[in-house]
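For the sequence shown, my numbering begins at 3 and goes up steadily by one.
Quick reminder that beta carbons are idealized off the backbone N, C-alpha and C, glycines included.
What follows is one structure encoded as structure tokens, with my remarks underneath.
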Amino acid sequence: MTRRSGELPPGEAAKLHSLVDYRPGSVVSRALVQSEIGSLTLFAFDKGQGLSEHTAPYDAHVQILDGAAHITVGGRPVDAFKGEIVRLPANVPHALEARRRFKMLLTMIREKKGGG
């Protein structure tokens with residue numbers, strides 16, 4: 003079985019925050035798992051970086067691994083700190099801003115909502 007670049011080897015322990023490094027003036031990402039049902043992606047945001055407002059067709063969860071993130075979900079500001087998690091509902095506009103640098107794990111679950 004071959005692994006995609008960046009994916010975790012099976013059966014090994016890893017410290018999530020150490021699997022992605024900060025880069026000055028950049029957002030660095032590393033996909034740990036990519037499948038048709040979801041993904042796990044690590045991000046390291048340098049201070050002043052961010053993701054502009056957008057939507058996704060699936061729920062996502064942001065877990066802060068280091069530092070703190072300023073997140074806007076449906077126009078509502080949320081400051082999330084190391085050890086905290088924020089749910090980003092499907093089809094709701096959201097944005098992330100690094101007022102100071104932070105690392106996060108983004109968990110995307112590909113399950114369509116609504117239309118029932």
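Report yes if the C-beta distance between residue i and residue j is below 8 Å; otherwise report no.
i	j	result
glutamine 65	methionine 106	yes
leucine 21	leucine 42	no
phenylalanine 47	alanine 70	no
Just curious, the beta strand (DSSP E) that residue i is in, first and last residue?
i	result
lysine 105	104-111
proline 12	Premise fails: proline 12 is in no beta strand (DSSP E) and is neither H nor E.
glycine 69	61-75
aspartate 81	78-83
Provide the residue(s) that pair with residue i in DSSP beta bridges, ordered along the chain.
i	result
serine 31	Phe45
leucine 98	Leu53 and Ile73
arginine 89	His63
serine 20	BP columns for serine 20 are empty, so no partner.
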